[in-house]
Amino acid sequence: MRGSRSGVLPVGRHQNAPTGGAALGAGPAGRTAVVALVGNPNSGKSTLFNSMTGARQAVVNAPGTTVEVASGTWKAAGVRLLDLPGAYSLLARSPDEEVTARTVAGEGLDGPPDLVVMVLDASALSRSLYLAGQVGLSGAATVVAVTMTDVARSRGVTVDAAALAQRLGVPTVVVDPRTGAGTDRLVTVVRDALTTPPHLRLTAGTPDGTSPHGQTADQAPVHPLTQADARFGDVEALFAWVAEVQAQVASAPAARPSRSDRVDAWLLRPWVGAPVFLAVLWAVFQLVTVVAVPVMDAMGWLVTDWFGGWVVRGLEALSAPVWLTGFVADGLLVGVATVASFAPLMVVVFFAVGLLEDSGYLARASFVADRAMRRLGLDGRAVLPIVVGFGCNLSALVSLRTLPSVRQRMLTALLLPFTSCTARLAVYLMLATVFFGDHAGTVVLAMYLLSALLVVGIGLLLRRTGFRDLGHEPLVLALPAYQRPRLRGLVTSTVTRTSAFVTTAGKVIVATLAVVWLLMAVPVTGGHPVGDVPTSDSLYGRAADAVAPVLAPAGFGDSGAVSALGTGIVAKEVVVGSLAQAYGSGGSDSADDSWTEGMRTTFERTSGGHGAVAALAFLVFVLAYTPCLATVAELKRQVGWRWTAGSVAGSLLLAWTLAVLVFQVGSRL
Amino acid sequence: MNLVNVPSGHDVRIVGLDTEPGLALRMSELGLRVGAVVRVVHHARGGGRVVAVGTDRIALDLAACRGVRLVPVQ
Numbered sequence: 157m158r159g160s161r162s163g164v165l166p167v168g169r170h171q172n173a174p175t176g177g178a179a180l181g182a183g184p185a186g187r188t189a190v191v192a193l194v195g196n197p198n199s200g201k202s203t204l205f206n207s208m209t210g211a212r213q214a215v216v217n218a219p220g221t222t223v224e225v226a227s228g229t230w231k232a233a234g235v236r237l238l239d240l241p242g243a244y245s246l247l248a249r250s251p252d253e254e255v256t257a258r259t260v261a262g263e264g265l266d267g268p269p270d271l272v273v274m275v276l277d278a279s280a281l282s283r284s285l286y287l288a289g290q291v292g293l294s295g296a297a298t299v300v301a302v303t304m305t306d307v308a309r310s311r312g313v314t315v316d317a318a319a320l321a322q323r324l325g326v327p328t329v330v331v332d333p334r335t336g337a338g339t340d341r342l343v344t345v346v347r348d349a350l351t352t353p354p355h356l357r358l359t360a361g362t363p364d365g366t367s368p369h370g371q372t373a374d375q376a377p378v379h380p381l382t383q384a385d386a387r388f389g390d391v392e393a394l395f396a397w398v399a400e401v402q403a404q405v406a407s408a409p410a411a412r413p414s415r416s417d418r419v420d421a422w423l424l425r426p427w428v429g430a431p432v433f434l435a436v437l438w439a440v441f442q443l444v445t446v447v448a449v450p451v452m453d454a455m456g457w458l459v460t461d462w463f464g465g466w467v468v469r470g471l472e473a474l475s476a477p478v479w480l481t482g483f484v485a486d487g488l489l490v491g492v493a494t495v496a497s498f499a500p501l502m503v504v505v506f507f508a509v510g511l512l513e514d515s516g517y518l519a520r521a522s523f524v525a526d527r528a529m530r531r532l533g534l535d536g537r538a539v540l541p542i543v544v545g546f547g548c549n550l551s552a553l554v555s556l557r558t559l560p561s562v563r564q565r566m567l568t569a570l571l572l573p574f575t576s577c578t579a580r581l582a583v584y585l586m587l588a589t590v591f592f593g594d595h596a597g598t599v600v601l602a603m604y605l606l607s608a609l610l611v612v613g614i615g616l617l618l619r620r621t622g623f624r625d626l627g628h629e630p631l632v633l634a635l636p637a638y639q640r641p642r643l644r645g646l647v648t649s650t651v652t653r654t655s656a657f658v659t660t661a662g663k664v665i666v667a668t669l670a671v672v673w674l675l676m677a678v679p680v681t682g683g684h685p686v687g688d689v690p691t692s693d694s695l696y697g698r699a700a701d702a703v704a705p706v707l708a709p710a711g712f713g714d715s716g717a718v719s720a721l722g723t724g725i726v727a728k729e730v731v732v733g734s735l736a737q738a739y740g741s742g743g744s745d746s747a748d749d750s751w752t753e754g755m756r757t758t759f760e761r762t763s764g765g766h767g768a769v770a771a772l773a774f775l776v777f778v779l780a781y782t783p784c785l786a787t788v789a790e791l792k793r794q795v796g797w798r799w800t801a802g803s804v805a806g807s808l809l810l811a812w813t814l815a816v817l818v819f820q821v822g823s824r825l
Numbered sequence: 015m016n017l018v019n020v021p022s023g024h025d026v027r028i029v030g031l032d033t034e035p036g037l038a039l040r041m042s043e044l045g046l047r048v049g050a051v052v053r054v055v056h057h058a059r060g061g062g063r064v065v066a067v068g069t070d071r072i073a074l075d076l077a078a079c080r081g082v083r084l085v086p087v088q
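Protein chains in written order, with our numbering: chain R, 157 to 825; chain E, 15 to 88.
What follows is the structure in structure tokens.
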């Protein structure tokens, strides 16, 4: 068989590399040596990375892409370690695999890696060896780490590591990344390999180095795997090599069902699998709403009220100007509090998703949900983020990392802002109660139905426009064995990913909130001092006045409503408070019901007597436009500025269109 | 005969992959290649199947199952 697609198989990139001379732990020109972990998805590669680097790691995007590559310091080996995206082949079928292929080819973050640690999954030896063969063809210096031997053993297979080492011609170490067993030996092997780079031997022969014909492998390769084979995608030779190596180093699997088979016999049954799947989704949803929210509130209180109180008292004791106190307390600290309050949520989501992933259940959940998700043009693995999105859009975005393809991640990321999060629910409930009384429940239900329709409709639209390349490929998915997740690895991964969120998305949030404070602090009328201005007299209020006519066709062209929608870009939680501030009689307490009458009167006025329809249009706008600043910041981190700007502009346009449509049609009925 | 027609627990040999070349190559890379003997281990909802390829387990949806031509292993 010949690969006919435009895959990337870099060949011979390192064939002429010197075979020695590098200083211990150092790459060319004295820089720290770079070691890349390469392996199939779910091969234990990332667990090994976490075990080797501990907390000394960071997640970065591969050059020119939004594909994440984890990079860390492997202190024991004195090298920088890269955890490349899991790949089945260097003939890439996704941007993630392309990043791995390019990095192996020397076109990655730091040029050619000095060494590849090829992670061979003993429970899926055939496909692991296939990838190893491609890495060998690339010419990269390689050592082998064999993982999942316990899973292989449970399926009746033993892998002879000594025979494998001899057959491949490179140092081979059996490791258990979950317990750390074998990692000391791996350190020694890597350090030695940096001094004398080993290369995979890709010739046929017996484990003792002789071919079936009695010649040494080097003299008479039965299946010579040439660069030309790889360049033209002739994979048959590689398959034959894999079959030979596997036959020589591994025993045949037992015919009896494995433990995972016995569990799957239940979990993949339609009448068991679906309820279990729904129960798991419900549990995750509860985690991101019921469990995380009190912790988030506590963090917000800790930063703004407790710590902020100290800071304000300190500034006042120093006779600091009002604007400075206001900027620190209401600008910077509110931004920091927002980031701090989201951090526990991120911890909960990353931990829960990691748990599902490490246990092996997530792959089954994707298989169970695949049929339904495909009708929406999405991958089965998108079901978890979509459901989580109805709790919190930000949590949903960060859980997207479980999708194996960056294009699928992008498509789902663009749909997630239309899932109606619980923060919007507070707005729905308040306005629906005020304007629709006993029918409030029906209105709220309608908002959720509209949310689902938007996700489906926009998903189908995007699949026919910017994401036509995704196609409708049948599902072929490798199922990892069920395993007991290890706490240490989960915690390390959770901390790293939460740190990445805080340091990247956090900066955007703090900076934007400081700008919002500035707009609200600068007076344009009324002779107020900077930092002590009613919203209506501030630059922000003036901007709201200017924008209000744009929303007149939707029936709520009033600066108070616009001002509330503006603050809603920061967080939907503040929309009700902003409405109370705008329509209250001086106070800003949303518990004081007098503001609702003010809002009702204003909406009746701006809508020409169709206040309820205008309120419905307002709710539709709240549903469809940008969910919150944190989501925008995370979206930018995942898909880049161009797509984020498009998403924000598109959602605003859609929100306006739908709101106008609802009002114009509704007011005529 | 394709994967849809095979009862659980039966061994079959792949004799052809009737799907677009890119996907056929990926299936081969995952071990579902012509000549390989696989065992159907689970029937899932909507016509999906899980097959054992050695110690590995691969899940396929209905469309993918239809593209795997097989003969029984005697």
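Ideal placement from N, C-alpha and C gives every residue a C-beta, glycine not left out. Since this is a predicted model, take the numbers as computed values, not measurements.
When the Cα of V398 of chain R is compared with those of R:L281, R:V346, R:V769 and R:S310, which residue comes out closest?
R:L281
Between the region 55-71 of chain E and chain R, which residues of the former have a C-beta closer than 9 Å to a C-beta of the latter?
V55, H56, H57, A58, R59, G60, G61, G62, V64, A66, V67, G68, T69, D70 and R71
Cβ-Cβ distance between G687 of chain R and F483 of chain R below 8 Å:
yes
My assumption, with CB atoms under 8 Å, is that G516 of chain R sits in contact with V666 of chain R. Please give the rounded CB distance.
Between V666 of chain R and G516 of chain R the Cβ distance is about 38 Å, and since that is not below 8 Å, they are no contact.
Taking Cβ-Cβ distances shorter than 8 Å, what residues in chain R pair up with M41 of chain E?
V632
With 8 Å as the threshold, decide whether the Cβ of S282 of chain R is near any Cβ in chain E.
yes
When the Cα atoms are used, what is the spatial distance from A373 of chain R to Q88 of chain E?
Note that A373 of chain R has pLDDT 35, beneath the 50 cutoff, so the model's placement of it is unreliable and no number is given.
So, helix, strand or coil for N206 of chain R, using DSSP?
helix
Opening and closing residue of the alpha helix (DSSP H) in which S719 of chain R lies
S715 to V726
Can you name the residues of chain E whose CB is closer than 9 Å to the CB of L635 of chain R?
V64, D70, R71, I72 and A73
Does chain R have any CB closer than 8 Å to the CB of G81 of chain E?
yes
Is G30 of chain E close to chain R, meaning its C-beta is less than 8 Å from at least one C-beta of that chain?
no
Who are the Cβ neighbours of E34 of chain E in its own chain at under 7 Å, not counting the five residues just before and after it?
none
Just the C-alpha distance for L324 of chain R and R357 of chain R, rounded to the nearest angstrom, thanks.
5 Å
How would you write the range of the beta strand (DSSP E) that G195 of chain R sits in, first residue to last?
V190 to G195
Taking its Cβ as the centre, do 16 or more other Cβ atoms sit within 10 Å of K231 of chain R, making it buried, or is it exposed?
exposed
Does DSSP put Q213 of chain R in a helix, in a strand, or in coil?
strand
Contact residues within the region 284-300 of chain R, judged by C-beta distance below 9 Å to chain E
Y286 and L287
Looking at C-alpha atoms only, which residue of R:L193, R:V216 and R:V215 is the closest neighbour of M208 of chain R?
R:L193
If contact means a Cβ-Cβ distance below 7 Å, which residues of the region 599-630 of chain R contact chain E?
E629 and P630
From this set, R:L247, R:L550, R:F205 and R:V599, which residue's C-alpha is nearest E43 of chain E's C-alpha?
R:L247
Less than 8 Å between the beta carbons of A582 of chain R and V599 of chain R, yes or no?
no
Do V64 of chain E and N16 of chain E have their beta-carbon atoms positioned less than 8 Å apart in this structure?
no
Ignore the nearest five residues each way along the sequence and tell me which others in V307 of chain R's own chain have a CB closer than 6 Å to its CB.
S279 and A637
From the beta carbon of S561 of chain R, is the nearest beta carbon of chain E less than 8 Å away?
no
Judging by CA-CA distance, which residue of R:L707, R:A634, R:V401 and R:V291 is the nearest neighbour of S522 of chain R?
R:A634
So is Y244 of chain R in contact with chain E if we call contact Cβ pairs under 8 Å?
yes
Using 10 angstroms around the beta-carbon of L775 of chain R, count the other beta-carbons present and answer buried if the total reaches 16, otherwise exposed.
buried
By the three-class DSSP mapping on this structure, what secondary structure does P500 of chain R have?
helix
Per the DSSP calculation, W230 of chain R is bridged to which residue(s)?
R:V235
Could you tell me the boundaries of the alpha helix (DSSP H) in which T668 of chain R lies?
L643 to A677
Would you please verify whether the beta carbon of L489 of chain R is less than 8 Å from any beta carbon of chain E?
no
Can you find the residues in the same chain that come closer than 8 Å, C-beta to C-beta, to V590 of chain R, ignoring five residues on each side of it along the sequence?
T752, M755, R756 and A771
Is V395 of chain R close to chain E, meaning its C-beta is less than 8 Å from at least one C-beta of that chain?
Note on residue identity: the sequence assigns Phe, not Val, to residue 395 of chain R. Chain E, which has a Cβ nearer than 8 Å to the Cβ of F395 of chain R, makes this yes.
So that I know if they touch, is there some Cβ in chain E lying closer than 8 Å to that of D526 of chain R?
yes
Exposed unless 16 or more other CB atoms sit within 10 angstroms - verdict on D239 of chain R:
buried
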